[in-house]
Amino acid sequence: MPNMLMIGSAGRNSGKTLFACELLKRLSERHEIIAAKVTTIQERNGTCPRGGEGCGVCATLDGRFSITEETTRGGTKDTQRLLGAGASKVYWLRVMNEYLEEGARAFLKIIGSRCPVVCESNSLRHIVEPGLFLLFRGVGNETAKASAEAVRRHADQIVVFDGTHFDLDPARVAIMETRWTIGGQLPVSKPPMTGAT
Numbered sequence: 057m058p059n060m061l062m063i064g065s066a067g068r069n070s071g072k073t074l075f076a077c078e079l080l081k082r083l084s085e086r087h088e089i090i091a092a093k094v095t096t097i098q099e100r101n102g103t104c105p106r107g108g109e110g111c112g113v114c115a116t117l118d119g120r121f122s123i124t125e126e127t128t129r130g131g132t133k134d135t136q137r138l139l140g141a142g143a144s145k146v147y148w149l150r151v152m153n154e155y156l157e158e159g160a161r162a163f164l165k166i167i168g169s170r171c172p173v174v175c176e177s178n179s180l181r182h183i184v185e186p187g188l189f190l191l192f193r194g195v196g197n198e199t200a201k202a203s204a205e206a207v208r209r210h211a212d213q214i215v216v217f218d219g220t221h222f223d224l225d226p227a228r229v230a231i232m233e234t235r236w237t238i239g240g241q242l243p244v245s246k247p248p249m250t251g252a253t
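First residue of the sequence shown: 57, per the working numbering; consecutive thereafter.
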């Protein structure tokens, strides 16, 4: 999907949503941009992927996957922040890991290829080959979660966040027609992953 910028994360507080919001604030005046977030659930009643008490995301999933459109701007949830930053639409895919491909296909059908997309996900990289894949990590966070390690070699760039600044200036990320670039350069093609579209 050359129109997709996929943003992955090695762990919490990596700045990925902040980076996406900075891009949306700057680019949404000139481009219609769809934003998306993918939450992959390993076990319906398993350990919370965020640690500690669960937020209900896993337990409230009915069926194999669920796709919802965010309608609240400016709240604190990632999807609300993305909408408030200027995304024309924001979608959230919650999917059981074993149905990731099925959920992704339904998700991609909704998103389409007519305009640029910013998508927060690690696991979707197993199914989709985006135009640009950035993997974020926080300074001092050397231990990456398993979903990030599994796709790390496919990242076009690892972006480090120190809590305030990124080692990749968001102003260098641009859109050429509907494709994402860094500094006006299209990324070098990576070897395809099994099942990537």
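The beta carbon of each residue, even a glycine, is placed where N, CA and C say it ideally should be.
Given the structure is predicted, the values throughout are model-derived calculations rather than measurements.
### Query
So which of Ser122, Arg137, Arg68, Asp118 has the shortest CA-CA distance to lysine 81?
Numbered from 1 along the sequence shown, position 25 holds the residue referred to as residue 81. Per the C-alpha coordinates, the member of Ser122, Arg137, Arg68, Asp118 positioned closest to lysine 81 is Arg137.
### Task
Counting only the same chain and skipping the five closest in sequence on each side, list residues whose C-beta sits under 7 Å from that of arginine 129.
Stepping through the sequence shown from its first residue, residue 129 is reached at position 73. When the five nearest sequence neighbours on each side are left out, the beta carbons in the same chain lying within less than 7 Å of the beta carbon of arginine 129 are those of Gln136, Leu139, Gly140, in order along the chain.
### Query
Of the residues Glu99, Glu233, Ala202, His221, which one's Cα is nearest the Cα of glycine 67?
Stepping through the sequence shown from its first residue, residue 67 is reached at position 11. Of the candidates Glu99, Glu233, Ala202, His221, Ala202 places its Cα closest to the Cα of glycine 67.
### Message
Looking at the strands, I want to know which residues DSSP matches up with glutamine 213.
### Response
Sequence index remark: in the sequence shown, residue 213 carries index 157 (1-based). Glutamine 213 is bridged to Leu190.
### Under the three-state DSSP convention, the category glutamate 154 falls into
The sequence position of residue 154 within the sequence shown is 98, counting from 1. DSSP, read as helix, strand or coil, puts glutamate 154 in helix.
### Query
What are the start and end residues of the alpha helix (DSSP H) that includes leucine 139?
To locate residue 139, count along the sequence shown from 1; it is residue 83. 134-141 is the extent of the alpha helix (DSSP H) around leucine 139.
### Start and end residues, alpha helix (DSSP H) containing leucine 93
Locating residue 93 in the sequence shown gives position 37, where the first residue counts as 1. The question names leucine, but residue 93 in the sequence shown is lysine. Per DSSP, lysine 93 lies in no alpha helix (DSSP H); the unbroken beta strand (DSSP E) holding it starts and ends at 90-97.
### Query
Between glycine 142 and glycine 194, what straight-line distance do the alpha-carbon atoms span, to the nearest angstrom?
Taking the first residue of the sequence shown as 1, we reach residue 142 at position 86. Taking the first residue of the sequence shown as 1, we reach residue 194 at position 138. Using only the alpha carbons, I get a separation of about 25 Å.
### Query
Taking DSSP as the reference, what is the three-state secondary structure of threonine 124?
Walking along the sequence shown from the start, residue 124 turns up at place 68. In this structure, threonine 124 counts as strand in the three-state DSSP scheme.
### Message
According to DSSP, simplified to helix, strand and coil, what is cysteine 171?
### Response
Against the sequence shown, residue 171 aligns to sequence position 115. Of the three classes helix, strand and coil, the one that applies to cysteine 171 here is coil, per DSSP.
### Task
Quick one: measure Cβ to Cβ for phenylalanine 189 and serine 70, integer angstroms, because I've assumed they're closer than 8 Å.
Your numbering for residue 189 matches position 133 in the sequence shown. Your numbering for residue 70 matches position 14 in the sequence shown. That pair is no contact at about 14 Å.
### Message
Check for me: the beta strand (DSSP E) holding threonine 237 runs from which residue to which?
### Response
The sequence position of residue 237 within the sequence shown is 181, counting from 1. Membership of threonine 237 in the beta strand (DSSP E) is indicated by the continuous run 235-238.
### Task
Could you spell out where the alpha helix (DSSP H) holding leucine 83 opens and where it closes?
By 1-based counting over the sequence shown, the position of residue 83 is 27. It spans 72-83 - the alpha helix (DSSP H) in which leucine 83 sits, taken as one unbroken run.
### Task
Tell me whether glutamate 126 is buried or exposed, calling it buried when 16 or more other Cβ atoms sit within 10 Å of its Cβ.
Here the question's residue 126 lines up with position 70 in the sequence shown. Buried, by the Cβ-count rule.
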